[in-house]
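So that you can map any letter, position 84 of the sequence shown is 711 in the working numbering, and since no number is skipped, the others follow by simple counting.
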Amino acid sequence: MSYSQAIRRFVEFINSADAAIGNEVIHESAEFHVPFDNKSLKGASGYLEMLGNMRGAFPDIQWSVEQIISEGDKVVLRSKTRGTQTGPFMGFPPSGKTFEIVGMNLFTFSEGKIVKEQALPDLFGILVQIGAVQLPL
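Structure (structure tokens):
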């Protein structure tokens with residue numbers, strides 16, 4: 628499987644939370660870094676933990692692939708993420724509002740699997756769209 632194909636499978640993992648898909652493309656020692664938490668998550672189980680937190684706030688969250696760029700053992704994914712806030716998120720109560728953002732993720736591969744991910748989601752965009760942050764007019 629090419630790295631681009633593995634990233635598409637990773638997006639399937641995100642959208643389904645299917646641990647079998649996660650284990651197929653994520654190395655057991657993989658590190659995931661998310662901007663709203665200082666601790667790194669490990670392996671598919673760590674990523675499932677983070678997904679559980681996101682699905683608690685946005686149960687219908689879905690990613691779609693916009694662009695994949697691959698060079699050597701690195702892959703950049705540009706994706707759209709959509710969801711509806713029906714649970715608390717970052718201390719903000721449920722709003723019932725939907726969001727759509729663009730995010731960038733940098734993946735590192737080894738032995739054909741993801742060993743590291745650094746995520747750059749548009750958290751500010753989410754907070755504005757769910758009404759947690761008001762923009763001045």
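C-beta: ideal position from N, C-alpha, C; glycine also.
6 Å CB neighbourhood of residue i in its chain, flanking five on each side removed
i: Ser631; result: Ile695, Ser697
Nearest-angstrom Cα separation, counted from residue j out to residue i
i: Ala657; j: Asn680; result: 19 Å
i: Leu754; j: Val692; result: 22 Å
i: Val652; j: Pro763; result: 43 Å
i: Phe637; j: Gln761; result: 33 Å
i: Thr713; j: Asp749; result: 19 Å
i: Met677; j: Phe716; result: 12 Å
i: Pro720; j: Phe685; result: 12 Å
i: Val729; j: Gln689; result: 12 Å
i: Ile634; j: Ser722; result: 31 Å
i: Asn642; j: Thr708; result: 10 Å
Proximity of residue i and residue j at Cβ, strictly below 8 Å
i: Leu675; j: Ala644; result: yes
i: Asp687; j: Gly673; result: no
i: Gly752; j: Phe726; result: yes
i: Gly776; j: Met628; result: Within the shown structure, residues of the chain are numbered from 628 to 764, placing residue 776 beyond reach of any answer.
Close beta carbons around residue i, own chain, < 8 Å, minus the five adjacent residues each side
i: Lys724; result: Thr711, Gln712, Gln756, Ile757, Gly758
i: Asn732; result: Val703, Leu704, Ser706, Glu744, Gln745, Ala746, Leu747
i: Val742; result: His654, Ser656, Ala657, Glu658, Thr735, Phe736
i: Arg682; result: Ala644, Ile688
i: Lys701; result: Leu733, Phe734, Thr735, Phe736
Cutoff 7 Å; reference residue i; Cβ partners in own chain excluding five residues on either side
i: Gly649; result: Phe640, Ala671, Tyr674, Leu675
i: Ser667; result: Glu658, Phe659, His660
Residues that residue i bridges to, as DSSP identifies them
i: Arg705; result: Gln694, Met731
Residue-chain proximity (residue i, chain D), Cβ-Cβ < 8 Å
i: Ala646; result: Note that chain D does not occur in the displayed structure, where there is just one protein chain.
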